[in-house]
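Peer 1: Before we start, here is the structure in question, set down as structure tokens.
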């Protein structure tokens, strides 16, 4: 029985070792970026076109590889979005905007935490310090979207030999025209289709609970299947060994009966001799 239990435990540990790498290979920050980034289009449509958003921008971001500026930009985007969130917090008409910005802040904060928690070999410091500039909502969220896209490919985007050097021919005026590259396409969004989010705090709590539940499910399911497969192997091994165990028990019982018969016969002979 001890051998059977040892075999079952061994199967369980083997399955855990086999399945755990599958959970880890989903990416270091695989689920940091959620579908809430799709609401950027609504937010840009809601904000005045001449509204200005302050952002510390890395000079040469349009020409440098993404690994040269991604860590700095996610930090600066977090600061700017948090400031923007504070401006909408006390405006009842802007509850829908507040909810969208709040979700974007959470995404960017998670990306900042990821860049601080893991050492990416390809990520380098920006060649120049970020400069404070004012951007329209369309320009600002184009930078936001580009940073999100760059972060998704952060682990494979650049080689170690890539240089983070801004060309001397790049003028500040040319670099500041962010709207020239990658036009931001805005589908028509009717104001009546935007629903005021009067329960943003409840949604934040439910979203955080949902995210944690998904993470626990991702961890628990492989472990559960590992246990099931381990027990299945153990049961097959036990079933295979069961006939041998039954024969062993029967042999022991037969030997005990033979010994008892021999003892009785011996005592009977001794009694007859007396």
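Residue numbers (mature numbering (1 follows the signal peptide of the UniProt record, and there is no 0)): -25 to -1, 1 to 249. The beta carbon of each residue, even a glycine, is placed where N, CA and C say it ideally should be.
(1) Put residue 32 into one of helix, strand or coil per three-state DSSP.
(2) Residue 49 and residue 87 look like a contact to me (Cβ under 8 Å); what is the Cβ gap, rounded to whole Å?
(3) Would you mind reading off the limits of the beta strand (DSSP E) that contains residue 319?
(4) Check the C-beta distance from residue 122 over to residue 45 and give it rounded, since I have them as a contact under 8 Å.
(5) What three-state label does DSSP hand residue 73 in the structure shown?
(6) Suppose you measure from the CA of residue 199 to the CA of residue 208; what does that come to, to the nearest Å?
(7) So residue 52 is in the alpha helix (DSSP H); what residue range does that whole segment cover?
(8) Between the C-alpha atoms of residue 56 and residue 79, what's the straight-line distance to the nearest angstrom?
(9) In chain order, what residues of the same chain lie with their CB nearer than 7 Å to the CB of residue 9, ignoring the 5 residues before and after it?
(10) Rounded to whole angstroms, what's the CA-CA distance from residue 166 to residue 71? Just pull it up for me.
(11) Under DSSP, the alpha helix (DSSP H) around residue 39 begins and ends at which residues?
(12) Return helix, strand or coil for residue 8, following the three-state DSSP convention.
(13) Return helix, strand or coil for residue 81, following the three-state DSSP convention.
(14) My understanding is that residue 52 touches residue 119, with C-beta atoms under 8 Å, so please give their C-beta distance in whole angstroms.
(15) Considering residue 17, what are the terminal residues of the alpha helix (DSSP H) in which it resides?
(16) Compute the Euclidean distance between the alpha carbons of residue 40 and residue 106, then round it to the nearest angstrom.
(17) Take the Cβ of residue 237 as the centre, count every other Cβ of all protein chains shown within 10 Å, and call the residue buried at 16 or more, exposed below.
(18) Count the other CB atoms, across all protein chains shown, that sit within 10 Å of the CB of residue 77; report buried if there are 16 or more and exposed otherwise.
Peer 2: Concretely, from the data shown:
(1) The residue labelled residue 32 in the question sits at position 57 within the chain shown. In this structure, DSSP gives residue 32 an extended state, which the three-state scheme calls strand.
(2) For this step, residue 49 is matched to residue 74 along the chain shown. For this step, residue 87 is matched to residue 112 along the chain shown. That pair is a contact at about 5 Å.
(3) In this structure the chain extends from -25 to 249, so residue 319 is not present and cannot be described.
(4) Here residue 122 corresponds to residue number 147 of the chain shown, with the count starting at 1. Here residue 45 corresponds to residue number 70 of the chain shown, with the count starting at 1. About 6 Å separates the two Cβ atoms, so the contact holds.
(5) Along the chain shown, read from residue 1 onward, the residue named residue 73 stands at position 98. Residue 73 falls in the helix class under three-state DSSP.
(6) Within the chain shown, residue 199 is the residue found at index 224, counting from 1. Within the chain shown, residue 208 is the residue found at index 233, counting from 1. Distance from the CA atom of residue 199 to the CA atom of residue 208, rounded to whole angstroms, is 14 Å.
(7) Residue 52 sits at position 77 when you count from the first residue of the chain shown. For residue 52, the enclosing alpha helix (DSSP H) starts and ends at 45 to 63.
(8) Residue 56 sits at position 81 when you count from the first residue of the chain shown. Residue 79 sits at position 104 when you count from the first residue of the chain shown. Rounded to whole angstroms, the separation of the alpha carbons of residue 79 and residue 56 is 8 Å.
(9) Here residue 9 corresponds to residue number 34 of the chain shown, with the count starting at 1. Same-chain partners within the cutoff: 82.
(10) Here residue 166 refers to the residue found at position 191 of the chain shown. Here residue 71 refers to the residue found at position 96 of the chain shown. A caution first: residue 166 carries a pLDDT of 34, below 50, which makes its placement in the model too unreliable to give a value.
(11) As a first step, residue 39 is located in the chain shown; it is residue number 64 there, counting from the start. Counting along the chain, residue 39 falls outside any alpha helix (DSSP H), and DSSP gives it neither H nor E.
(12) Locating residue 8 in the chain shown gives position 33, counting from the first residue. Secondary structure of residue 8 (DSSP, three-state): coil.
(13) As a position in the chain shown, residue 81 is number 106, starting the count at 1. DSSP places residue 81 in helix when its eight states are reduced to three.
(14) Walking along the chain shown from the start, residue 52 turns up at place 77. Walking along the chain shown from the start, residue 119 turns up at place 144. Beta-carbon to beta-carbon, residue 52 and residue 119 are separated by about 6 Å, close enough to satisfy the 8 Å threshold.
(15) Residue numbering aside, residue 17 sits at position 42 when the chain shown is read from its first letter. For residue 17, the enclosing alpha helix (DSSP H) stretches over residues 15 to 21.
(16) Position 65 of the chain shown, counted from the start, is the residue given in the question as residue 40. Position 131 of the chain shown, counted from the start, is the residue given in the question as residue 106. Rounded to whole angstroms, residue 40 and residue 106 show a C-alpha spacing of 18 Å.
(17) In the chain shown, the residue the question calls residue 237 occupies position 262. Exposed, because fewer than 16 other Cβ atoms sit within 10 Å of the Cβ of residue 237.
(18) Looking up residue 77 in the chain shown gives position 102. Label assigned to residue 77: buried.
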